[in-house]
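This report concerns only the one structure given below.
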Amino acid sequence: MDYVLETKSLLKSYRHVEALSGVDMHVPKDSIYGLVGRNGAGKTTLMRVVAGMQKENGGTYLLFGVDKNSREIKKERKRVGAMIESPAIFHDLSAEDNLKMQYRILGLPSFDTIPEILSTVGLENTGNKKAGSFSFGMKQRLGIAMAIAGNPDLLILDEPINGLDPEAIVEMRELILRLNREMNMTIIVSSHILDELAKVATYYGFIDSGRMVKEVSAVDMEKECRKALRIKVESIEKSAIALTSLGNDYSVIDDNTLDIFGDIGIKEVLDVLSGAGIKDIEKRNENLEGYFINTMGGCV
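If you count the sequence shown from 1, position 87 lands on 345 in the working numbering, and the numbers rise without skipping.
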């Protein structure tokens with residue numbers, strides 16, 4: 259597989275806190291790589307290190323196949339755009355003037371492509387309005403405009419949809435898909451809104467306590483996601499005893515609710531749990547949040 263980014267045993271610590279503990283990461287070319295983990299898991303630190311905003315304490319990484327210690331790495335870094343933590347925008351400038359500043363910083367020879375970028379992110383009609391008066395969603399889109407000013411091959415987005423209202427979330431989702439599909443950008447994106455992340459990601463990395471726990475394609479994850487019957491009963495104790503004869507994995511949700519995993523028929527469950535006082539049964543398919551919990555335990 260062709261990777262635009264590979265990290266090998268990447269380490270990063272702050273004084274006595276180890277933020278990255280030997281991360282191995284593989285981002286396939288043309289993918290939308292969803293980086294999933296709890297607060298403090300190391301997502302933002304990992305993004306900052308691979309974007310060149312912070313220096314690692316150990317390990318290495320390859321960017322477009324070039325080792326980070328190579329003399330060629332500066333040229334490869336120009337192929338990376340990033341919006342990490344908050345949009346890097348000038349609040350007293352318009353969207354167009356913000357991009358002009360970014361173009362100067364990047365050393366781009368002409369402003370000719372600015373109207374196209376503003377149109378791409380949906381800010382073509384903002385005129386002289388200062389960015390400081392933009393809505394939160396508009397600021398996020400301007401931040402992405404700044405990140406794609408150099409037409410990068412790899413775009414890194416840290417929590418781009420968090421804090422947005424439902425309409426702005428849809429707009430951001432469509433923008434991410436458009437950048438990937440129409441502008442051929444490989445995108446690394448993190449988010450706490452896992453249902454939304456599942457609508458765009460084609461590959462996932464699950465990080466916990468500074469370590470990459472698992473990487474999986476969206477296709478393979480869907481195959482691994484377990485089917486389940488969610489059952490409400492009068493007696494969990496009687497259910498647990500009866501389920502030992504069934505042989506399927508199950509999980510107790512609360513005092514009266516459990517999930518039975520696997521391809522199992524409702525009639526079979528009714529027969530086995532006839533003495534447990536079944537109140538309700540519904541079929542469920544595990545989503546990204548459920549997959550995360552089963553992979554690492556707990557919530558994002």
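Note that the Cβ used here is the ideal one computed from N, Cα and C, for glycine as well.
{"query": "Those residues which DSSP pairs with F464 across a bridge", "result": "V294 and K472"}
{"query": "Buried or exposed by the 16-neighbour rule on C-beta atoms within 10 Å, applied to S448", "result": "buried"}
{"query": "Straight-line Cα distance separating Y508 from T378", "result": "47 Å"}
{"query": "Boundaries of the beta strand (DSSP E) in which E264 is found, first to last residue", "result": "Y261 to Y272"}
{"query": "Segments assigned alpha helix (DSSP H), at least 4 residues, entirely inside the segment 416-447", "result": "424-439"}
{"query": "Alpha carbon of A456 to alpha carbon of K485, nearest angstrom", "result": "17 Å"}
{"query": "Integer Cβ distance of P345 from G401, believed to fall under 8 Å", "result": "3 Å"}
{"query": "Inter-stretch contact (C-beta, 8 Å, three-pair minimum) for the segment 340-358 and the segment 382-392", "result": "yes"}
{"query": "Three or more C-beta pairs below 8 Å linking the segment 456-469 and the segment 538-555", "result": "yes"}
{"query": "C-alpha gap between Q312 and L415, whole angstroms", "result": "16 Å"}
{"query": "Beta-ladder partner(s) of E410, from DSSP", "result": "In the sequence on display, residue 410 carries Pro and not Glu. In the DSSP output, where bridge partners are listed per residue, P410 has none listed."}
{"query": "Exposure of F369, with buried meaning 16 or more beta-carbon neighbours within 10 Å", "result": "exposed"}
{"query": "Under 9 Å between C-beta atoms of R488 and L531", "result": "no"}
{"query": "Continuous beta strand (DSSP E) stretch holding P585: start and end", "result": "In this structure the chain extends from 259 to 558, so residue 585 is not present and cannot be described."}
{"query": "For L487, the first and last residue of its enclosing beta strand (DSSP E)", "result": "K485 to V491"}
{"query": "Straight-line Cα distance separating K301 from L278", "result": "9 Å"}
{"query": "Among V281, E382 and K481, nearest to D521 - alpha-carbon criterion", "result": "K481"}
{"query": "L320 versus D538: straight-line alpha-carbon distance, rounded", "result": "52 Å"}
{"query": "Beta carbon of E314 nearer than 9 Å to that of H284", "result": "no"}
{"query": "Inter-residue CB distance, G339 and I406 (contact presumed, cutoff 8 Å)", "result": "5 Å"}
{"query": "Cβ pair I427, I451 closer than 9 Å", "result": "yes"}
{"query": "Nearest-angstrom Cα separation, counted from C483 out to N545", "result": "7 Å"}
{"query": "Span of the alpha helix (DSSP H), counted from its first residue to its last, around R355", "result": "The sequence given here places Asp at residue 355; Arg does not occur at that position. A353 to L364 is the span of the alpha helix (DSSP H), which, as asked, contains D355."}
{"query": "Three-way DSSP call (helix, strand, coil) for K537 in this model", "result": "strand"}
{"query": "CB contact flag (G395, E429, <9 Å)", "result": "yes"}
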